[in-house]
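I have placed the structure first, in the form of structure tokens, so that the comments after it can refer back to it.
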Amino acid sequence: MILITRYRELYDYECSANAQMLTMIESIPEISRTDPRFQRALNLAAHLAACRENWLTWMAGEEREIALWFETDTALESLRPRYAAIEQRWVAYLAALAEDQLQATFTFTEADGNTYRVLTEGQIIQLNGHTCYHRGQIVLLVDQLGGETVDTDYIDWVYPRDPRYGTDESLHI
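Heads up: the sequence shown begins at 192 in this note's numbering, then just goes up one per residue.
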């Protein structure tokens, strides 16, 4: 499998895990939503969206305003539409990205005025790991607040989709 195909697959997985994460956050009982940890979960979910928004803006060379990296007052209602929009942009970007473009670099200027150069493939890999890291934090907060959690591990997502894993019967030794 060529790398860009693998990165597209990993992003499909991320979209599925994002939907599960949002459902978990929405499952937090109303009584627990005044707890500061609820706002922390919302803000972490917004941070993940901001990372995907900002990095895509820079990677694709778009002229867009950079989102706040760390919001403090994210509204629950804002998350699903925000994720739908950024996921649509990322799917289109990855669909158009050629294998040889993974080795290209892009530059961006941070708010501190410093300009940086980053390898496209390196940033794609970074985003995959970064998302798993913060999603784990969100799952812990959901659990602490009495919400319903689910396992968003890659293997649980890929197993029913990939024929190389065989049937349920073939797993038993």
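Built from N, CA and C at the ideal position, the CB exists for glycine as well.
Keep in mind that this is a model prediction, so the values were computed, not measured.
* **For residue 324, the first and last residue of its enclosing beta strand (DSSP E)** => It is not in any beta strand (DSSP E) - residue 324 instead sits in the alpha helix (DSSP H) that spans 311-335.
* **Span of the alpha helix (DSSP H) around residue 248** => 227-250
* To do: Kindly indicate the opening and closing residues of the beta strand (DSSP E) around residue 196.
  => Not the beta strand (DSSP E): residue 196 falls in the alpha helix (DSSP H), residues 194-217.
* Determine the extent of the beta strand (DSSP E) in which residue 186 is found, giving its start and end residues. => Here the chain covers residues 192 to 364 and nothing more, so residue 186 does not appear.
* **Contact under 8 Å by Cβ, residue 250 with residue 338** => no
* **Among 230, 278 and 232, nearest to residue 243 - alpha-carbon criterion** => 278
* State yes or no: is the C-beta of residue 294 within less than 8 Å of the C-beta of residue 312? => yes
* Asked: Taking the continuous alpha helix (DSSP H) assigned at residue 272, which residues delimit it?
  -> 267-287
* Are the region 223-230 and the region 301-320 touching by the rule of at least three beta carbon pairs closer than 8 Å? -> no
* **Given residue 259 as reference, the closest of 335, 326, 208 and 302 once Cα atoms are compared** => 302
* Asked: Exposed or buried, which one is residue 261 when buried takes at least 16 other CB atoms within 10 Å?
  -> exposed
* Asked: In chain order, what residues of the same chain have a beta carbon less than 6 Å from the beta carbon of residue 364, not counting five sequence neighbours either side?
  -> Note that residue 364 has pLDDT 45, beneath the 50 cutoff, so the model's placement of it is unreliable and the number below is only indicative. Here the set comprises nothing.
* Expressed to the nearest angstrom, what Euclidean distance is found between the alpha-carbon atoms of residue 298 and residue 220? -> 43 Å
* **Cβ neighbours of residue 237 in the same chain (closer than 6 Å, five flanking residues each side left out)** => 262 and 265
* Status (buried if at least 16 other CB within 10 Å, exposed otherwise) for residue 232 -> buried
* Asked: Is residue 345 helix, strand or coil when you go by DSSP?
  -> helix
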